[in-house]
Structures are given as structure tokens and as C-alpha cells.
Amino acid sequence: MDETIPENDAAAARQDYWERRADSLYLQYVFFLARVVGRDARSVIDIGSNDCPYLEWLDWIPRKVSVDIEAPYRAAGVEGHTGDFLTMDLNEDFDLALCLQVLEHVPDVVAFARKLLATAPHLIISVPYRWEPGEAEHIHDPVDEDKVAAWFGRKPNYRIVVREPFFKKRRMIAYFDRDNPLRRIGKPEVHARRPSPLIPPRSSG
162 MDETIPENDA AAARQDYWER RADSLYLQYV FFLARVVGRD ARSVIDIGSN DCPYLEWLDW
222 IPRKVSVDIE APYRAAGVEG HTGDFLTMDL NEDFDLALCL QVLEHVPDVV AFARKLLATA
282 PHLIISVPYR WEPGEAEHIH DPVDEDKVAA WFGRKPNYRI VVREPFFKKR RMIAYFDRDN
342 PLRRIGKPEV HARRPSPLIP PRSSG
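So the sequence shown is numbered by this note's numbering: it starts at 162 and just counts up by one.
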């Protein structure tokens, strides 16, 4: 029996996935970090987009690329590529890379993580944090700091664990500076971050 999901059903599932996460706290944390460490970025790649439009939030970055094995995000100003990131020849070094809620699904996760590090000098990831095995369609639960460090061969420069209001499950967000594993983000860099597109500028009146 053919169990292939019809494309319109798959698209509806992806839309539902996005609508349930669009205002998530973990995404707000991710894009706060992006506005700090990617302040001067001219290119960004998102790996495992699942047709989610959050790359458009990075409105100061002119080159935006989405990669997904089934459903990259495509829009005006966002270039989408369908394929396996592990075997894809990107032939480009991006300024910033994102990989959100993907690693827990990847069989060859060490090779995947090391390629992520090689793709851009600044990398932001998110993963489920200490979820019980079998709670979701993940193959690496529970994920914690030690497991992430083993995947990447090093600790992140920064990490934070986030819990959504009214939910028990948590996610870990981590930032890696490829070229400076000991870098620490200071207040001057945070204060110099890009302004949020979600907050209107203050009136001068």
C-alpha cells in the first residue's frame, strides 16, 4: 500500500507546524542572537527550513538561502534548494548559518554537525533539551550539553535553555563561533545589535 502523504496534505502539515511556532520564545531567542552575532552578515543559510518563513525576519541580510530535504522555503529574496545537506555541494562560505530543530532527526549527526560548523563562521542551532525517548519522532533523545558537544567536537560559545509558557518541554539554543571557540559575547556587542523589525522605532515627538 502506498503510504506517501499527498503534497497538499504535506503542505497543510507544514503550515500547521509554522503557525504553532511562529511566536515561540525559542525563535525570539534565536533571532535576538542573530541580530547580535550576525549584525554585519551579508549572507545567511538556513538548513532544514521545513518551508518556514523566518528567514524573512533577517531583513538586513541581502542574500538568504534555504535548504531542506523536502520543503525549502522560497520567496522573493529567499533562494530555496531541495536536497540532502550532507551531500550537497554548497561551494560557498556564508556569514551566518541557522539549523533549528533538525539535528535530533539526522542519522549521521556527527558528520552533519561538523559540516554545519564548516558552512559559516557564525552558527546558531536549536535542539530539544532532555526530551524523553519516544516522545517525538526524534532519534537522538534525550539531547543535552554533552551530546551536543560530542556532535560538534567542542562546546558552544553560548547556550541557553528555553521553556515555552504553559509547556514542560524545553529547547536548547546554542551559538558557535567557528574561528574563535573561546569567544564570549560582551555587553557592547549586545547593545550594538540590529534593531528588532517587530518593534516600531520610537517617535521623536
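Built from N, CA and C at the ideal position, the CB exists for glycine as well.
Unbroken stretches of the alpha helix (DSSP H), 4 residues or longer, contained in the segment 221-284: 270-280
Minimum C-alpha distance to Tyr290 - residue among Ala183, Ala279, Phe193 and Asp302: Here residue 290 corresponds to residue number 129 of the sequence shown, with the count starting at 1. Looking at the Cα atoms, Asp302 is the closest of the given residues.
For Asp163, three-class secondary structure by DSSP: Working through the sequence shown from its first residue, we reach residue 163 at position 2. Residue placement at Asp163 is poorly supported in this model, since its pLDDT is 47, which falls under 50; the coordinates are not used for a value here.
Which of helix, strand or coil DSSP assigns to Ala195: Looking up residue 195 in the sequence shown gives position 34. Correct three-state label for Ala195: helix.
Local Cβ density within 10 Å of Val351, reported as buried at 16 or more and exposed below that: Here residue 351 corresponds to residue number 190 of the sequence shown, with the count starting at 1. When all chains shown are included, Val351 counts as exposed.
Alpha helix (DSSP H) segment containing Phe313, residue limits: Counting from one through the sequence shown, the residue named residue 313 turns up at place 152. Taken as a continuous stretch (DSSP letters only), the alpha helix (DSSP H) holding Phe313 covers Glu306 to Phe313.
Short Cβ contact (8 Å threshold) for Arg203 with Arg224: Looking up residue 203 in the sequence shown gives position 42. Looking up residue 224 in the sequence shown gives position 63. For Arg203 and Arg224, yes; Cβs fall inside 8 Å.
Between the CA atoms of Ala279 and Tyr319 - distance to the nearest angstrom: Counting from one through the sequence shown, the residue named residue 319 turns up at place 158. Counting from one through the sequence shown, the residue named residue 279 turns up at place 118. Cα to Cα, Tyr319 sits roughly 18 Å from Ala279.
Beta-carbon proximity of Asp207 to Leu259, cut-off 8 Å: Position 46 of the sequence shown, counted from the start, is the residue given in the question as residue 207. Position 98 of the sequence shown, counted from the start, is the residue given in the question as residue 259. Yes, they are a contact pair.
Arg182 and Ser357 closer than 8 Å at C-beta: Position 21 of the sequence shown, counted from the start, is the residue given in the question as residue 182. Position 196 of the sequence shown, counted from the start, is the residue given in the question as residue 357. Result no, Cβ atoms of Arg182 and Ser357 do not sit closer than 8 Å.
Boundaries (first-last residue) of the alpha helix (DSSP H) holding His299: In the sequence shown, residue 299 corresponds to position 138, counting from 1. No alpha helix (DSSP H) contains His299, which DSSP labels as neither H nor E.
Separation of Asp338 from Tyr215, as counted between CA atoms: Residue mapping note: residue 215 aligns to position 54 of the sequence shown, counting from 1. Residue mapping note: residue 338 aligns to position 177 of the sequence shown, counting from 1. About 22 Å.
Alpha carbon of Asp163 to alpha carbon of Val198, nearest angstrom: Working through the sequence shown from its first residue, we reach residue 163 at position 2. Working through the sequence shown from its first residue, we reach residue 198 at position 37. For Asp163, the predicted structure reports a pLDDT of 47, less than 50, and the residue's modelled location is therefore unreliable. The matter cannot be settled from this model.
Contacting residues, own chain, Cβ-Cβ under 7 Å from Arg355 (five flanking each side not counted): Within the sequence shown, numbered from 1, the residue matching residue 355 stands at position 194. Arg196, Arg200 and Trp221, listed in sequence order.
Cβ neighbours of Val271 in the same chain (closer than 7 Å, five flanking residues each side left out): For the purposes of this step, residue 271 is taken as the residue at position 110 of the sequence shown. Here the set comprises Trp312.
Reference Trp292, options Arg332, Glu217 and Arg235, closest by Cα: The residue given as residue 292 occupies position 131 in the sequence shown. The shortest C-alpha separation from Trp292 is found at Arg332.
Extent of the continuous beta strand (DSSP E) run through Arg324: Against the sequence shown, residue 324 aligns to sequence position 163. Start and end: Tyr319 to Arg324.
8 Å Cβ cutoff met for Tyr234 and Ile334: To locate residue 234, count along the sequence shown from 1; it is residue 73. To locate residue 334, count along the sequence shown from 1; it is residue 173. No, they are not a contact pair.
Rounded C-alpha distance that separates Glu296 from Val288: If you number the sequence shown from 1, residue 296 lands on position 135. If you number the sequence shown from 1, residue 288 lands on position 127. In a straight line, the C-alpha of Glu296 is about 14 Å away from that of Val288.
Pair within 8 Å by beta-carbon distance, Ser210 and Ser185: The residue labelled residue 210 in the question sits at position 49 within the sequence shown. The residue labelled residue 185 in the question sits at position 24 within the sequence shown. No; because the gap between Cβ atoms is not below 8 Å, this pair is not in contact.
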